[in-house]
Amino acid sequence: MALLNFSQPAIDDATIAAMADTMRTGWIASGPRVLEFERALAATFGGRPTRTLTSATGAMELALLACGIGPGDEVITSTQSFFSTMNMIVKVGARPVFVDCDLVTRAIDLDQVAAAITPRTKAIVPTHFPGALGDMDALYALARRHGLRVIEDAALVQGSTWNGQPVGSFGDIATFSFHPNKNMTTIEGGAIVVPDEETARRIEVLRFHGIERLPDDTRDVATASGKYNMSDVSAAIGLAQLAQLPGFLARRQRLADRYFAVFPAIDGAVLPPQGVPGQSWNMFCVLLPYEALGTTRQGFRAALRAQGIATGLSYEPSHLTTLGRNLGWREGQFPHAERIGRETVTLPLHCGMLDADVDRVCAAVAQVLGVPGAPARAH
Numbered sequence: 000m001a002l003l004n005f006s007q008p009a010i011d012d013a014t015i016a017a018m019a020d021t022m023r024t025g026w027i028a029s030g031p032r033v034l035e036f037e038r039a040l041a042a043t044f045g046g047r048p049t050r051t052l053t054s055a056t057g058a059m060e061l062a063l064l065a066c067g068i069g070p071g072d073e074v075i076t077s078t079q080s081f082f083s084t085m086n087m088i089v090k091v092g093a094r095p096v097f098v099d100c101d102l103v104t105r106a107i108d109l110d111q112v113a114a115a116i117t118p119r120t121k122a123i124v125p126t127h128f129p130g131a132l133g134d135m136d137a138l139y140a141l142a143r144r145h146g147l148r149v150i151e152d153a154a155l156v157q158g159s160t161w162n163g164q165p166v167g168s169f170g171d172i173a174t175f176s177f178h179p180n181k182n183m184t185t186i187e188g189g190a191i192v193v194p195d196e197e198t199a200r201r202i203e204v205l206r207f208h209g210i211e212r213l214p215d216d217t218r219d220v221a222t223a224s225g226k227y228n229m230s231d232v233s234a235a236i237g238l239a240q241l242a243q244l245p246g247f248l249a250r251r252q253r254l255a256d257r258y259f260a261v262f263p264a265i266d267g268a269v270l271p272p273q274g275v276p277g278q279s280w281n282m283f284c285v286l287l288p289y290e291a292l293g294t295t296r297q298g299f300r301a302a303l304r305a306q307g308i309a310t311g312l313s314y315e316p317s318h319l320t321t322l323g324r325n326l327g328w329r330e331g332q333f334p335h336a337e338r339i340g341r342e343t344v345t346l347p348l349h350c351g352m353l354d355a356d357v358d359r360v361c362a363a364v365a366q367v368l369g370v371p372g373a374p375a376r377a378h
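Residue numbering for the sequence shown follows numbering that gives the first Met the number 0, starting at 0 and increasing by one per position.
Spelled out as structure tokens, the structure:
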């Protein structure tokens with residue numbers, strides 16, 4: 000039986016042809032395709048300035064630098080996020096100040112954010128998760144009251160909306176990922192959406208060695224930086240993928256709906272939020288009470304793997320990594336994120352799946368855990 004991956008990209012012949020056509024032009028580094036891709040992306044974000052990069056991690060780093068964040072500064076973020084958020088805050092010399100998240104939506108806890116603000120706080124970095132956003136109006140109201148920047152980690156939610164507005168089309172700064180396990184891909188890659196052209200120009204300088212052109216066309220560097228520019232080959236893939244994104248999102252929504260319809264009823268399980276308008280589905284994570292079910296997470300995942308079903312873990316809490324502990328954080332501080340870290344399992348969800356694949360996953364979950372294959376209850 001073929002392995003059902005928990006994530007994989009949807010690459011069709013048109014995408015492959017676009018990549019090949021670009022390679023035949025001889026212009027394969029940053030060039031006209033990157034500019035075209037950036038314009039197309041900006042159009043999906045209400046025309047806001049958008050710049051592509053080699054990864055969402057690079058986008059987060061440059062966002063922090065563009066906000067002037069560095070040594071001595073604090074950045075409040077949810078410990079429930081991929082490690083790149085913590086890593087980039089530390090890399091620019093600032094201190095990550097962790098807070099907890101909602102157990103179901105995984106949205107950053109704004110009450111804890113408000114309590115964590117100090118004179119050293121410079122920004123809030125929320126991570127958005129599939130199925131539901133946090134209260135964006137309340138988030139930005141809090142940031143405005145304290146004069147703080149907001150950098151939205153939107154790597155998982157391209158296509159999601161808040162009050163009818165696409166994430167990235169409003170607010171301060173938003174970063175997106177085009178890794179192969181995201182809603183669309185450029186193989187590796189990311190983008191940053193910023194509020195004005197001045198910030199966009201700053202990103203352009205930072206993404207290519209800090210180089211600025213002088214009036215006589217010679218070059219200068221005032222700020223040390225690295226190399227984060229996207230290639231035209233990746234941009235060509237991105238253009239083809241972006242055209243297909245509405246279809247990708249619709250397929251992912253259908254698969255998520257199917258999970259809610261057929262996932263077995265398990266006492267103590269926590270499913271993602273259901274039925275929130277305008278939300279995208281990059282992944283489908285559930286929390287399971289393994290001990291009460293007579294197993295462990297490792298045993299559960301291994302049993303599914305034996306049936307040809309791959310799973311993932313999204314995500315371990317950042318504050319309990321060695322780096323987080325070395326910064327002074329400890330177990331017991333953020334119970335929701337810690338429970339997610341212990342109990343989460345990411346089930347297969349990608350555009351290569353059929354409804355029958357979801358049925359197969361849910362039947363295997365019921366069989367492995369020894370529970371009836373009854374429909375899931377809404378959470």
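Where is the CB? At the ideal position from N, CA and C, for every residue including glycine.
Values in this document were obtained by computation on a predicted structure and should not be read as measured data.
Burial is judged here by how many other beta carbons sit within 10 angstroms of a residue's own beta carbon; residue 22 has fewer than 16 and is exposed.
Within the same chain, Cβ atoms closer than 8 Å to the Cβ of residue 320 are found at 82, 85, the five residues on either side in sequence being excluded. A distance of 7 Å or more separates the beta carbons of residue 199 and residue 173. Closest option to residue 290, judged by alpha-carbon separation, among 282, 283, 284, 299: 299. About 4 Å separates the CB atoms of residue 87 and residue 60; that is less than 8 Å, so the two are in contact. Shown here for residue 28: same chain residues with a beta carbon closer than 8 Å to its own, the five before and five after excluded, namely 228, 230, 231 in chain order.
The region 339 to 358 makes contact with the region 5 to 17: 3 or more CB pairs, one atom from each, lie closer than 8 Å. For residue 80, the closest C-alpha among the options 105, 93, 338 is that of 105. Around the C-beta of residue 52, 16 or more other C-beta atoms lie within 10 Å, and the residue is accordingly described as buried. Excluding its 5 nearest sequence neighbours in each direction, residue 309 has C-beta neighbours in its own chain below 7 Å: 2, 3, 4, 5, 347, listed in chain order. In terms of Cβ geometry, residue 119 and residue 73 form a close pair [threshold 7 Å].
With distances taken between CA atoms, residue 302 lies nearest to 368 out of 284, 210, 368.
For residue 279, the three-state secondary structure derived from DSSP is coil. Restricted to the region 47 to 99, the beta strand (DSSP E) segments that are unbroken, complete and at least 3 residues in length are 49 to 52, 73 to 77, 94 to 98, listed in chain order. With a cut-off of 8 Å on Cβ pairs, the region 249 to 269 is in contact with the region 355 to 365, counting three or more such pairs. With fewer than 16 other CB atoms across the displayed protein chains lying within 10 angstroms of its CB, residue 162 is exposed. Going by C-alpha positions, residue 125 is about 12 Å away from residue 137. Residue 247 and residue 209 have their C-alpha atoms roughly 36 Å apart. Rounded to the nearest whole angstrom, the CA to CA distance from residue 240 to residue 293 is 43 Å. Pairing residue 204 with residue 307, the inter-Cα distance amounts to about 47 Å. Contact check for residue 340 and residue 316: beta-carbon distance about 5 Å, within the 8 Å limit, so the pair qualifies. Beyond the five residues adjoining it in sequence on each side, residue 371 comes within less than 8 Å, by CB distance, of 263, 264, 365 in the same chain, given in chain order.
Residue 211: member of the beta strand (DSSP E) spanning 210 to 212, first to last residue. Taking a C-beta distance under 7 Å as the contact criterion, residue 68 and residue 91 qualify as a contact pair. The three-state secondary structure of residue 1, taken from DSSP, is coil.
In chain order, 165 place their CB closer than 7 Å to the CB of residue 43, counting only its own chain and leaving out the 5 sequence neighbours on each side.
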